[in-house]
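Counted the way my numbering counts, the sequence shown spans residues 7 to 92. Backbone N, C-alpha and C fix where the C-beta goes; we use that ideal spot for every residue, glycine too. Nothing here was measured: the structure is a model prediction, and the numbers come from that model.
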Amino acid sequence: MVRMNRPAPVEVCYKNMRFLITHNPTNATLTLIESGMKYEDAIQFIRQKRRGAINSKQLTYLEKYRPKQRLRFKSPHNHKNKCCLM
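Here it is, written out as C-alpha cells:
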C-alpha cells in the first residue's frame, strides 16, 4: 500500500470558531465565507497558515461562490444572528 505525503493539519481560529485545515482547504475556506468573511480575506487567511493551499480551479470556484447563509439563523427571542455548528 502506497502511503501519500499529506501536510500536517493546521488549526485556524476566527471569531471564536475553530477550523482544521487538512488536505482539503477549500472546505475550510467555504466555511469562513459562510460565516461572513469575504472570499479574498478567507483565501488570504487560509494561505497565511498553509502556503499554496488553493489552486487555480479552486480559486475560480471560490470567486463565483455566493454564500447561502447556512451557518446563520435568526433567534426568535432576541432577533440577533447566531452561528450554528456544521
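Asked: Under three-state DSSP, which class holds L91?; Found: Below a pLDDT of 50, predicted positions are generally treated as unreliable, and L91, at 49, falls in that range; no measurement from the model is reported.
Asked: Do A48 and I60 have their C-beta atoms within less than 7 Å of each other?; Found: no
Asked: So, is S41 buried or exposed, given that buried needs 16 or more other C-beta atoms within 10 angstroms?; Found: buried
Asked: Please classify T32 as buried or exposed, where buried requires at least 16 other C-beta atoms within 10 Å of its C-beta.; Found: buried
Asked: Exposed or buried, T35, counting other C-beta atoms within 10 Å across all chains shown (16 or more means buried)?; Found: buried
Asked: When the Cα atoms are used, what is the spatial distance from G58 to N30?; Found: 12 Å
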